[in-house]
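Chains A and B, in that order, are what the protein sequence lines are.
Under our numbering, the first residue of the first sequence carries the number 964, and numbering increases by one thereafter.
Under our numbering, the first residue of the second sequence carries the number 134, and numbering increases by one thereafter.
Report on the structure given below.
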Amino acid sequence: MMPNFPFLKNKKAEDKSEVFVPSRRDFLKLSSLATGGFLLGVNFQCAGPKGETITFAPNVFVSITSDNEVTIVAHRSEMGTGIRTSLPQIVADELGADWSKVKIVQAEGDEEKYGNQNTDGSFSVRMFYEPMRKTGATARHMLIAAAAKKWEVSPTECHTENSQVIHSSGKKIDFGDLVAELKDMPLPDPASITLKEFSSYKLIGKDVTIYDARDITTGKAVFGADVDLPGMQVAVVRRSPVIGAKVISFNDAKALAVPGVNRVVKIDGAGIPPGLDKALEGVAVIADNTWAAMKGREALEIEWDLGPNQTYNSAKQLEEMLQSTAKDGKVRRERGNFLTAQRAAGKVLERTYLAPFYAHATIEPPAAIAHYQGDGICEIWAPTQHPQWARQAVATALELDLDKVKMNVTLLGGGFGRKSKPDFVVEAALLSKAAKSPVRVQWTREDDLHFDFFHSHSAQRIKATIDKDGNFTGWNHHTVFPAIGATGSTTELHPSDGELALGCTDFPYDVPNIKIETHESTAHTRIGWLRSVSNIHHAFAIGCMMDEIAEARGIDPVKHALQMLGEDRNLEFKPETDGKYENYGEPIETFPWNTGRMKKVIERVAKEANWDQKLAEGKAVGFAAHKSFLTYVACIVVVEKGSSGKISIPEVFYAVDCGIGVNTDRIRSQFEGGSQFATSLATTSAITFENGIPQQNNFDGYQIIRMPQSPKKIHVHILESMEKPTGVGEPPVPPYIPALCNAMYKLTGERIYQLPFKA
Amino acid sequence: MEKFTISVNGKNHEVTADPDMPLLWVLRDLLSMKGTKFGCGQALCGACTVHLDDEAIRSCSTPISTVGSRKVTTIEGLDKEGHHPLQDAWVEHVVPQCGYCQTGQIMTAAALLKKSPNPSDAEIEESMAGNLCRCGTYNRIKEAILTASKTL
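Given below as structure tokens:
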């Protein structure tokens, strides 16, 4: 199971989630209730003969005990978006549970039980808003039916609140006191389940504090490396310095002489291509504690066959990629005839844009704990975004049946796409088996920056034509970057349709002649996906170019964007992409690309930022808008040059239409953080390779912004919307970068064509 | 390997360790106190911040042999009930996103407030500059420090 693009809603995985296989005889299916076939089950674990706690579990996501404890299962991974709060919040609101007393437990990775758990691509709320509401509503209906029967009243006279059923007369009963009544109750007809009116929600659409806030601030929250098992050893691995390198021989005598080091184990890693879910070749030092393992690793002597990537130089490749964009490429979208437009043009703007490799650099470096139990069972604890993929990868690596692998999910100390990949989890499993004990594999920061699945570097060339009357008539966009697919297949030389649909082939502006082309490049490292993926570089190039075009036409960039979006309408990309446009895995009929919604966020951000106002000396503003992951975002960044010449970012304005907003505080926090994340991408971060080796080793070389460099006031305006909810984890990042670059241009008079730029 | 006695959160602990072992790994691996986090190992990110007496230090780069009789305070010992004004302000402002760096942020902020109970914006920025947050919670961190400074 190697999903091609887990950041896009994976069709196959989702289809599979439709098949809910009851593991217990008393597990009844309630299939027609589901949207998109998402099945709910009903599970009654009623009182044992000894009178122990009775549990009412109307489905796998919620359970109520006879002492009125409501537990909701969070089946998506928490890496900072707040999803562990937001989805249970939906269930609780429909159920009428007392939120202050709701317990949230993290699901293990189990596709049969929970459906798709791949926390990626900003689609958790999009995919689960309806199923979670129906989950809560079903339980509410059953509880009300039980109470009404008991009181001999009509269910329509009852409602739920604070984990109680309440009759119109004022009579109340705890959910817990109804659990026994539910034992023989038939399942409600799905058609009888009604959802609450949006206006009556008390949690959905509100600011709700994250469930883990107190545990996090007191140090009790459990992240990947925080799991302790009796007899656990710690492994630190010396991995192939160049991707594809193989161990010829190694001498472990000095490593084994380090006090506390118990064992040295070679990991047979993948060669070329390295794959997305395999361990790298390496030699592991297994010790009593982390420090001993690190010292042991320093003492290892390894002779490597470095292989073909040892001559790789990223600056050289980027230059070659840039040259290639001047040639004809493979056409990926075509409308009209760009060449004709070019011949007739009064003016042709031609610009190139370069962006570097980026590392995810989560502050928690990868770590995972495995306990191979000798009887063919392996239990894992890992900070993984994709527990099912990790489970499968471990099963494959250990040649175990899937059901022999138990995958527990901890909190993630940041994810951003890195922790989708299960390579580090596989390492832990292999090493636990070799060491015959529980093992934590601990990555250092140097490991993290050298063995990431990097966001690809990229070269782009855009030509825009303006006719003699000043009309914007042609758009020719060349893009080239080593593709994610190349990590699994050496024949993947062009960006995929999926990567292009991330901000390139979905170019929304009403230009009569469009030609989008790609060029070949090869991957010499592991390429992955980073928060908003190829939207990062595509939005940078397009957002900056649109600013130049507006300037060349003598039109204000905000007015220009509104004008070029044209009439309010739904856009189609399939006819011009040979049917290959991918709408983030959703049918475009269900989630259309609507120019009217984009215009509204642009108008709103311009209004909130007072776009037309005159700014004080030393200040400038820049604008960009970009839709990604089905969410519409417009952004205005203010930059300021201080008396010392230092540039700062005093204010950022965002307007967002993400449909129905579930947890408004977490939406704002994603935008606040997204602008900070994007400031690093734009101004401080880059990975470069020489001789196949990343040249940045720690946070001194690979810099991310610190508090003094951070944008100060970040205003997030969420448009009120009753459209289907869409995600907000990634969409803040793409438009921010060109908005910042455009502001910098107004401040300094110099356009930015390469990231990162010196702020 | 040598024997050391260190005072952590008001309690003495005896540990046997390599004298070079950073305090971080003594806390995490030998004493099983997991609130102090590993981020970079080179005092560049601040995730491992604890107090040595009243000073915020990076435990990843502080060998156990240099601790001596100084008192170590970790996030677990900042307040017995877990309700230090900073911890409460952190919850009030819903500062954390992933949360991984936040114990280090709070320990740095707590040392700042001890020295400067009413810090200016510039003081906060300067003091907190050693603590990285990849999720980008810097503005809420600053707001929470200001809120806590009013209740101290």
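Backbone N, C-alpha and C define an ideal beta-carbon position, used for all residues, glycine too.
Contacts that residue i makes with chain A (C-beta to C-beta distance below 8 angstroms)
i         : result
Leu265(B) : Ile1326, Phe1662, Ile1667 and Arg1669
Val224(B) : Thr1172, Ala1176, Arg1177 and Thr1180
Glu258(B) : Met1670 and Pro1671
Pro155(B) : Trp1254
Nearest-angstrom Cβ-Cβ length linking residue i and residue j, presumed shorter than 8 angstroms
i          : j          : result
Glu1713(A) : Lys1675(A) : That belief does not hold up - the Cβ atoms of Glu1713(A) and Lys1675(A) are roughly 23 angstroms apart, past 8 angstroms.
Ile1053(A) : Ile1167(A) : 6 angstroms
Pro196(B)  : Asp153(B)  : 5 angstroms
Gly1622(A) : Pro1688(A) : 4 angstroms
Gly179(B)  : Gly263(B)  : 5 angstroms
Pro1471(A) : Leu1534(A) : 6 angstroms
Phe1320(A) : His1418(A) : 6 angstroms
Arg1424(A) : Ala1289(A) : 7 angstroms
Val224(B)  : Gln235(B)  : Val224(B) to Gln235(B), Cβ: 11 angstroms. No contact.
Gln1474(A) : Phe1435(A) : Looking at the sequence provided, one finds Val at residue 1474(A) rather than Gln. Confirmed, about 6 angstroms.
Ala150(B)  : Phe137(B)  : 6 angstroms
Gly1339(A) : Lys1367(A) : 5 angstroms
Cross-chain neighbours of residue i in chain A, by beta carbon under 7 angstroms
i         : result
Ala262(B) : Arg1669, Met1670 and Pro1671
Ala180(B) : Ile1326
Ile239(B) : Thr1180
Ile208(B) : Thr1181 and Gly1182
Thr236(B) : Gly1182
Ser165(B) : Asp1191
Val148(B) : The contacting residues do not exist; Val148(B) stays about 11 angstroms from chain A at best.
Beta-carbon neighbours of residue i, restricted to chain B and to distances below 7 angstroms
i          : result
Ile1677(A) : Asn272
Leu1365(A) : Correct list: empty, because the minimum Cβ distance to chain B is about 29 angstroms.
Chain-ordered neighbours of residue i on chain B, where CB pairs are closer than 8 angstroms
i          : result
Ser1638(A) : Gly269
Beta-carbon neighbours of residue i, restricted to chain A and to distances below 9 angstroms
i         : result
Phe171(B) : Ala1188, Thr1253, Glu1327, Pro1328, Ala1330, Gln1405, Thr1407 and Arg1408
Pro252(B) : Per Cβ cutoff of 9 angstroms: no residues; Pro252(B) is ~13 angstroms from chain A at best.
Gly143(B) : Those within 9 angstroms of Gly143(B) in chain A number zero; the least Cβ separation is about 16 angstroms.
Chain B contact residues for residue i, given Cβ-Cβ distances below 9 angstroms
i          : result
Gly1376(A) : Lys170, Gly172, Ala180, Cys231, Gly232, Tyr233, Cys234 and Arg267
Pro1222(A) : Met134 and Asp151
Any non-hydrogen atom of the ligand MG within 7 angstroms of residue i CB
i         : result
His184(B) : No copy of the ligand MG occurs in the structure displayed, which carries no ligand at all.
Task: Near-chain B residues of the stretch 1426–1438 of chain A (beta-carbon distance less than 8 angstroms), N- to C-terminal order - done: The stretch 1426–1438 of chain A vs chain B, Cβ under 8 angstroms: nothing.
TODO: With 7 angstroms as the limit, tell me which residues of the stretch 1685–1696 of chain A have their beta carbon closer than that to any beta carbon of chain B; keep them in chain order.
DONE: Result list empty, no residue passes.
TODO: Jot down the residue ranges of each uninterrupted beta strand (DSSP E) in the stretch 1253–1309 of chain A, minimum 3 residues, whole runs only, in chain order.
DONE: 1264–1268 and 1293–1298, all fully within the stretch 1253–1309 of chain A.
TODO: Can you check the stretch 1651–1693 of chain A for any beta strand (DSSP E) of at least 3 residues that lies completely inside it and give the ranges in chain order?
DONE: Fully enclosed beta strand (DSSP E) runs of 3 or longer: 1676–1681.
Task: Stretch pair the stretch 1318–1332 of chain A + the stretch 1406–1414 of chain A: three plus CB contacts closer than 8 angstroms - done: Yes: the two stretches touch, three or more of their Cβ pairs being nearer than 8 angstroms.
Task: Sequence ranges, alpha helix (DSSP H) only - wholly within the stretch 1363–1441 of chain A, length at least 4 - done: Fully contained in the stretch 1363–1441 of chain A are the following alpha helix (DSSP H) runs of length 4 or more, in chain order: 1386–1398 and 1408–1413.
TODO: Could you list the residues in the stretch 1040–1054 of chain A with a C-beta less than 7 angstroms from some C-beta on chain B, going in chain order?
DONE: Listed by position, the residues of the stretch 1040–1054 of chain A near chain B (Cβ gap below 7 angstroms) are Met1042 and Gly1043.
TODO: Would you check if there are 3 or more beta carbon pairs closer than 8 angstroms linking the stretch 171–178 of chain B to the stretch 1682–1700 of chain A?
DONE: Short answer: they don't touch.
- [ ] Tell me, please, whether the stretch 1023–1042 of chain A touches the stretch 1091–1106 of chain A by the rule of three or more beta-carbon pairs shorter than 8 angstroms.
- [x] With a cut-off of 8 angstroms, the stretch 1091–1106 of chain A and the stretch 1023–1042 of chain A count as touching, because enough Cβ pairs lie within range.
TODO: Scan the stretch 178–205 of chain B for residues whose Cβ lies nearer than 7 angstroms to a Cβ of chain A and list them as they occur along the chain.
DONE: From the stretch 178–205 of chain B, only Cys178 and Ala180 have a Cβ closer than 7 angstroms to chain A.
TODO: Decide if the stretch 1304–1320 of chain A is in contact with the stretch 1426–1442 of chain A; the criterion is three or more beta carbon pairs, one per stretch, under 8 angstroms apart.
DONE: The stretch 1304–1320 of chain A is in contact with the stretch 1426–1442 of chain A.
Task: 3-residue-minimum beta strand (DSSP E) runs that sit fully inside the stretch 1034–1115 of chain A, ordered along the chain - done: Whole beta strand (DSSP E) segments, 3+ residues: 1066–1069.
TODO: Check distances from the C-beta atoms of the stretch 1616–1636 of chain A to those of chain B and list, in chain order, the residues that come in under 9 angstroms.
DONE: Under the 9 angstroms Cβ criterion, the stretch 1616–1636 of chain A contributes Asp1628, Arg1629, Ser1632, Gln1633, Glu1635 and Gly1636.
- [ ] Kindly provide the ranges of any beta strand (DSSP E) runs that are 3 or more residues long and lie completely inside the stretch 1532–1619 of chain A, ordered along the chain.
- [x] With a minimum length of 3 residues, the unbroken runs of beta strand (DSSP E) contained wholly in the stretch 1532–1619 of chain A fall at 1582–1591 and 1594–1604.
TODO: Tell me the start and end of each unbroken beta strand (DSSP E) in the stretch 1445–1482 of chain A that is at least 3 residues and wholly inside, in chain order.
DONE: The DSSP assignment places 1476–1481 as complete runs of the beta strand (DSSP E) inside the stretch 1445–1482 of chain A, in order along the chain (cut-off: 3 residues).
Open item on the list: Within 8 angstroms, do at least three Cβ pairs link the stretch 244–257 of chain B to the stretch 183–200 of chain B?
Closed with: Segments in contact, yes.
Open item on the list: Can you confirm whether the stretch 1196–1215 of chain A touches the stretch 1260–1271 of chain A when touching is taken to mean that 3 or more C-beta pairs between the two stretches lie within less than 8 angstroms?
Closed with: Yes, the stretch 1260–1271 of chain A is in contact with the stretch 1196–1215 of chain A.
TODO: Jot down the residue ranges of each uninterrupted alpha helix (DSSP H) in the stretch 210–265 of chain B, minimum 4 residues, whole runs only, in chain order.
DONE: Correct list: 218–225, 235–248 and 254–261.
Open item on the list: For the structure I just gave you, are there three or more beta carbon pairs, one from the stretch 1587–1595 of chain A and one from the stretch 1557–1564 of chain A, closer than 8 angstroms?
Closed with: Short answer: they touch.
Open item on the list: Going residue by residue through the stretch 1328–1367 of chain A, where are the continuous beta strand (DSSP E) segments of at least 3 residues, counting only ones entirely within it?
Closed with: Counting only runs of 3 or more, we get 1330–1335 and 1341–1345.
Task: the stretch 1680–1694 of chain A in contact with the stretch 274–281 of chain B per 3-pair CB rule at 8 angstroms - done: No: fewer than three Cβ pairs fall under 8 angstroms.
Task: contact_flag[the stretch 1174–1191 of chain A, the stretch 1648–1655 of chain A] where n(CB pairs < 8 angstroms) is 3 or more - done: As far as the Cβ criterion goes, the stretch 1174–1191 of chain A does not touch the stretch 1648–1655 of chain A, which means the pair count is below three.
Task: Inside the stretch 1164–1226 of chain A only - beta strand (DSSP E) runs reaching at least 3 residues - done: Entirely contained in the stretch 1164–1226 of chain A, the beta strand (DSSP E) runs reaching 3 residues are, in chain order, 1196–1202 and 1209–1214.
Open item on the list: Closer than 8 angstroms is the cut-off here; do at least three beta carbon pairs connect the stretch 200–218 of chain B with the stretch 1152–1167 of chain A?
Closed with: Contact between the stretch 200–218 of chain B and the stretch 1152–1167 of chain A is absent, because fewer than three Cβ pairs lie under 8 angstroms.
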